[in-house]
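Asker: Input: one structure, supplied below.
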Amino acid sequence: MELCSPMALDWKRSRRPLQKPKSNNSIEGDNIEHPAPDNSNVVDPVEKSERLLSILMEPPSKTYLQLHDNNDPFHQYQYPKHLENTKHESPAPTRKIYTMVLLSFAKESGPIHVAQQAEDVVWSMIVRANQLLKLDQLLEISERSDNIEQLALENLNPSAEHWNCVLQCWSISTDRDRGFHAYSFLMSWLEWNKRCEAGECSSKVSAPDMTSYHSVLWACLQESRASDGNDKIEDARAREMGSGVAIRLWRGVEKSNLSLDAASYTLFLRAICQTSELPSKSSSCKALVALARVFRRCCDDGMVSLDVLEIVRDATTESQLKKLVGKNVTLVDEGGTALPTANMLFRLPAEWTVNT
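Here it is, written out as structure tokens:
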């Protein structure tokens, strides 16, 4: 029981000591009557503290039962009786609420638990969608009320926008392993689509788009800002992981029918080439093999830009670059000095840069 609540006021008054009546003795002088000092109500500080301590330590339930009988509505229900039929449950979230929450997460940069909470929101949409589907199947049309029918028919299955909000949250996360987590969530998305296509769920399939892959690639990129030795080691490990994730992501893109633009090729090359293995003299290096495959498709699509060429040039040796661009493209001027990347770009075949 709160000591400051109205219920405790009577209890405090009942415990208040009775005060002795003031005496009528007075001192006369100058025709003014001064009441005599009365020290009967002066309480010793030690006694006062012991009294307050006894009040605080006394079980509230005991005093409450002493003050209120069992027929009191407040005692019977533990809350005012007129609130008995009020609504205690929070309203069920709608699709608009889910969308609003996920759009907020997409702009939130923070530790790992922030993006994990965004993932939980998407999976809760799927869980509630399945629950409403079972409710829709169990209830007959004649027995439905308007509210239940509206709730059962509402589509809570996540769309591509909802999935992408989580990936965008991972892309700006401060966790070093954000690339791995973003890729894992993308794979969960694709696995869920396979289950829906197989008829295991009624959710409408929403395939990942280029925004999805861009978010994963941004999550793979690691900027080295560490000053401590241990932090530098962790940053190097994160870059290696990001490069490996980008290679696996590229293998999935090759099997799909997605059309890439120059920005997509640039992101793929940046994420793959951030590994410390490049430039490598070994032709079996996984990052070098992936770089060659990305650059070859970029040339076929006519998407070779200045940024793409600079990344490839920095990540390869002179002989490797010569193989990639062809023997007919000269990399040095007449004096044997390496050409600037911008000048080299104009020497490439025209069909390689036609769409940039």
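Those letters in the sequence shown? Residues 234 to 589, by our numbering.
Where is the CB? At the ideal position from N, CA and C, for every residue including glycine.
Among G568, G569, N561, which residue has its Cα nearest to the Cα of S579?
Answerer: The amino acid at residue 579 is misidentified as Ser; the sequence shows Phe. Among G568, G569, N561, the Cα nearest to that of F579 belongs to N561.
Asker: In three-state DSSP terms, what is A583?
Answerer: Three-state DSSP puts A583 in a helix.
Asker: For a minimum of 4 consecutive residues, which ranges assigned as the alpha helix (DSSP H) are wholly contained in the segment 533-561?
Answerer: Complete alpha helix (DSSP H) runs here, min 4: 539-548, 551-558.
Asker: Closer than 8 Å by C-beta to P292: which residues in its own chain qualify, once you throw out the five before and the five after it? Chain order, please.
Answerer: Residue placement at P292 is poorly supported in this model, since its pLDDT is 48, which falls under 50; the coordinates still yield a value, given next. Hits under 8 Å: none found.
Asker: Relative to the C-alpha of Q507, which candidate in I544, H447, E424 has its C-alpha closest?
Answerer: Taking only the C-alpha atoms, the option nearest Q507 is I544.
Asker: Would DSSP call A523 helix, strand or coil?
Answerer: Reduced to three states, the DSSP call for A523 is helix.
Asker: Quick one: what does DSSP say R571 is sitting in, helix, strand or coil?
Answerer: A quick correction: the sequence has Ala, not Arg, at residue 571. Note: A571 maps to strand in three-state DSSP.
Asker: DSSP three-state call for V565: helix, strand or coil?
Answerer: Strand.
Asker: Around the Cβ of N390, are there at least 16 other Cβ atoms within 10 angstroms (buried) or fewer (exposed)?
Answerer: Answer is buried; the Cβ neighbour count reaches 16.
Asker: Confirm, please, whether the CB-CB distance from W451 to S404 is below 7 Å.
Answerer: For S404 and W451, yes; Cβs fall inside 7 Å.
Asker: Between which two residues does the alpha helix (DSSP H) containing R472 stretch?
Answerer: 462-488 is the span of the alpha helix (DSSP H), which, as asked, contains R472.
Asker: Could you check what DSSP says for R409 in three-state terms: helix, strand or coil?
Answerer: In this structure, R409 counts as coil in the three-state DSSP scheme.
Asker: Going along the chain, which residues of its own chain have a beta-carbon closer than 6 Å to the beta-carbon of T586, five neighbours each way excluded?
Answerer: Only V537 meet the Cβ criterion.
Asker: Short check: CB of L542 to CB of A504, under 7 Å?
Answerer: No, the Cβ-Cβ distance between L542 and A504 is not below 7 Å.
Asker: Suppose the cutoff is 6 Å on Cβ atoms and the five residues either side in sequence are ignored; what does the same chain contact list for Q299 look like?
Answerer: Note on Q299: pLDDT 44, under 50, position unreliable in the model; no value is reported.
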